[in-house]
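Protein chains in written order, with our numbering: chain A, 165 to 295; chain B, 165 to 295; chain C, 165 to 295. For glycine and all other residues, C-beta sits at the position ideal for the given N, C-alpha and C.
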Amino acid sequence: MRSFHVATGQRNQMIEITDEVRRCVAESGVEDGIVTVFAAHTTAAITINENADPDVVRDLNVHLSRLSPEKGDYRHAEGNSDSHLKSTLVGASETVLLNRGRLILGTWQGIYFCEFDGPRQRTIHVKVIGQ
Amino acid sequence: MRSFHVATGQRNQMIEITDEVRRCVAESGVEDGIVTVFAAHTTAAITINENADPDVVRDLNVHLSRLSPEKGDYRHAEGNSDSHLKSTLVGASETVLLNRGRLILGTWQGIYFCEFDGPRQRTIHVKVIGQ
Amino acid sequence: MRSFHVATGQRNQMIEITDEVRRCVAESGVEDGIVTVFAAHTTAAITINENADPDVVRDLNVHLSRLSPEKGDYRHAEGNSDSHLKSTLVGASETVLLNRGRLILGTWQGIYFCEFDGPRQRTIHVKVIGQ
Numbered sequence: 165m166r167s168f169h170v171a172t173g174q175r176n177q178m179i180e181i182t183d184e185v186r187r188c189v190a191e192s193g194v195e196d197g198i199v200t201v202f203a204a205h206t207t208a209a210i211t212i213n214e215n216a217d218p219d220v221v222r223d224l225n226v227h228l229s230r231l232s233p234e235k236g237d238y239r240h241a242e243g244n245s246d247s248h249l250k251s252t253l254v255g256a257s258e259t260v261l262l263n264r265g266r267l268i269l270g271t272w273q274g275i276y277f278c279e280f281d282g283p284r285q286r287t288i289h290v291k292v293i294g295q
Numbered sequence: 165m166r167s168f169h170v171a172t173g174q175r176n177q178m179i180e181i182t183d184e185v186r187r188c189v190a191e192s193g194v195e196d197g198i199v200t201v202f203a204a205h206t207t208a209a210i211t212i213n214e215n216a217d218p219d220v221v222r223d224l225n226v227h228l229s230r231l232s233p234e235k236g237d238y239r240h241a242e243g244n245s246d247s248h249l250k251s252t253l254v255g256a257s258e259t260v261l262l263n264r265g266r267l268i269l270g271t272w273q274g275i276y277f278c279e280f281d282g283p284r285q286r287t288i289h290v291k292v293i294g295q
Numbered sequence: 165m166r167s168f169h170v171a172t173g174q175r176n177q178m179i180e181i182t183d184e185v186r187r188c189v190a191e192s193g194v195e196d197g198i199v200t201v202f203a204a205h206t207t208a209a210i211t212i213n214e215n216a217d218p219d220v221v222r223d224l225n226v227h228l229s230r231l232s233p234e235k236g237d238y239r240h241a242e243g244n245s246d247s248h249l250k251s252t253l254v255g256a257s258e259t260v261l262l263n264r265g266r267l268i269l270g271t272w273q274g275i276y277f278c279e280f281d282g283p284r285q286r287t288i289h290v291k292v293i294g295q
């Protein structure tokens, strides 16, 4: 298992981690299999989406906050129930295919760490499973 | 493959299954790899979220039902289209990393079975894949 | 790794691909393990839901579009920010268990490719990992 950290700077922020995941895959020496990327936090998530136009990430964050607003009928006293809901909607992990040493991603796909309750120091774990 | 059952008592209910998953992992004898937890139902799901304050789970259920209300412009005659939508939003499975015999979960992370159309008897399957 | 294509005919459309995934599994020769099905696109997704009553899929599409409407406060100039959001909400992949040569799916569960910005030609990748 390999792990790395990201330091987030805003309450809601998507940070591309494709290069970090590729580095973990290269270090593993595995050429064919799958790669699971896991966020070890209940107010964060991993997703795959477009890494070309930064407005896509802006729109994702604005509209996730429309679906899960910061203020609402919440009982959890820490004031971050919206962050927990986003985490469950987006999901704690993504699994990506590995073929002949390359991550199989579409032309515009990047792997993102999603911060929903920052700024914080966060940990991401990566496991590469050979075929 | 290992399987176990949960009996749910409400229409919407999240039941922590981390201990059951740990038992499946221990029985498998695998020390390093990944663990996929799968809900074999179209009106249920698996998620990972906080297992410390029960208000988090309460808030998740209330706000999932705000996003996917029981009544609406639905055609499916069984009256559980909201449950099917929640299942697709949350997802039928979670994959967790396994390192040196331990599930790699963050401090507050627990694995939950999500019932969206209970009460029912439900089946969860677990597969442990070695590295 | 195995890949196949689907041609979608509408902007929003769910197409069942369970048979195609089963064919990939049979070709792999693996009897026990997991199968990851991956959509190589940022405006599409993979989900598991009911394949008996087609009204379930109709209701899913209508209500995903209610949560992520085509028009809104979007900056991304391509006019498909709603499609990107749906992709992140539903997720780019599903992992299914494989036991004694059979995909482990519940009675009503089918695997679906979700088109959110069609019509288009799309690519789906499948990786089978033995236990």
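Following the DSSP letters along the chain, one finds residue 172 (chain C) in no beta strand (DSSP E), marked with neither H nor E. CA-to-CA, the gap between residue 286 (chain C) and residue 278 (chain C) works out to about 10 Å. Shown here for residue 233 (chain B): same chain residues with a beta carbon closer than 8 Å to its own, the five before and five after excluded, namely 246 in chain order.
When DSSP reads this structure, residue 232 (chain C) sits in no beta bridge, so it has no partner. With a cut-off of 8 Å on Cβ pairs, the segment 220-235 of chain B is not in contact with the segment 268-276 of chain A, counting fewer than three such pairs.
Using a Cβ distance threshold of 7 Å, residue 293 (chain A) and residue 198 (chain A) count as a contacting pair. Within the segment 183-211 of chain C, the residues whose Cβ lies closer than 7 Å to any Cβ of chain B are, in chain order, 197, 198, 211. DSSP places residue 187 (chain C) inside the alpha helix (DSSP H), whose first and last residues are 182-192. With fewer than 16 other beta carbons inside 10 angstroms of its own, residue 191 (chain C) counts as exposed. In the DSSP annotation of this structure, the continuous segment of the alpha helix (DSSP H) that includes residue 252 (chain A) starts and ends at 245-254.
For residue 248 (chain C), no chain B residue has a C-beta closer than 9 Å to its own C-beta; the minimum C-beta separation is roughly 16 Å.
At a Cβ-Cβ threshold of 7 Å, residue 212 (chain B) and residue 256 (chain A) count as neighbours.
Residue nearest to residue 280 (chain C) within the set C:290, C:261, C:253, C:291 is C:253 (criterion: CA-CA distance).
If you look at residue 195 (chain A), you'll find it isn't in any beta strand (DSSP E); DSSP assigns it neither H nor E.
Identification of residues in the segment 263-283 of chain C having a C-beta nearer than 9 Å to some C-beta of chain B yields 263, 264, 268, 269, 270, 271, 272, 273, 274, 276, 278, given in sequence order. Per DSSP, the beta bridge partners of residue 178 (chain B) are B:278. A straight line joining the alpha-carbon of residue 238 (chain C) with that of residue 239 (chain B) spans about 30 Å. Inter-residue distance for residue 185 (chain C) and residue 174 (chain C) is about 22 Å (C-alpha atoms, whole angstroms). Bridge partners of residue 292 (chain A) according to DSSP: A:199.
Judged by their CB atoms, residue 267 (chain B) and residue 260 (chain B) are nearer to each other than the 7 Å cut-off. Contact with chain A is absent for residue 227 (chain C), since none of that chain's Cβ atoms lies less than 7 Å from the residue's Cβ.
Within the DSSP secondary-structure output, residue 286 (chain A) pairs in a beta bridge with A:170. For residue 211 (chain C), the uninterrupted beta strand (DSSP E) segment begins and ends at 208-214. Close partners of residue 237 (chain B) in chain C (Cβ separation under 7 Å): 226.
Distance from residue 263 (chain A) to residue 196 (chain A) at the Cβ level is roughly 6 Å; contact confirmed, criterion being Cβ atoms closer than 8 Å. In this model, residue 218 (chain A) and residue 242 (chain C) are separated by some 12 Å (Cα to Cα).
Apart from sequence neighbours up to five positions away, the residues of its chain that approach residue 189 (chain C) with a beta-carbon distance below 7 Å are 199, 262, 267, 292, ordered along the chain. Check the Cα spacing between residue 295 (chain A) and each of A:275, A:208, A:258, A:265: the tightest is with A:265. Scanning its chain for C-beta atoms nearer than 7 Å, with the 5 sequence neighbours on each side dropped, one finds around residue 204 (chain C) the residues 287, 289, in chain order. Assigned with DSSP and collapsed to three states, residue 269 (chain C) falls in coil, not helix or strand. Under the Cβ distance rule, residue 259 (chain B) counts among the residues neighbouring chain C, one pair being separated by less than 7 Å. The beta carbon of residue 165 (chain B) falls within 7 Å of a beta carbon belonging to chain C, placing the residue at that interface. Note: residue 260 (chain B) is bridge-paired with B:199 in the DSSP secondary-structure output. Remark: C-beta atoms of residue 221 (chain B) and residue 258 (chain B) do not approach each other more closely than 7 Å. Taking a Cβ-Cβ threshold of 7 Å, the residues of chain C close to residue 222 (chain A) are 239, in chain order. Annotated three-state conformation of residue 237 (chain C) is coil, per DSSP.
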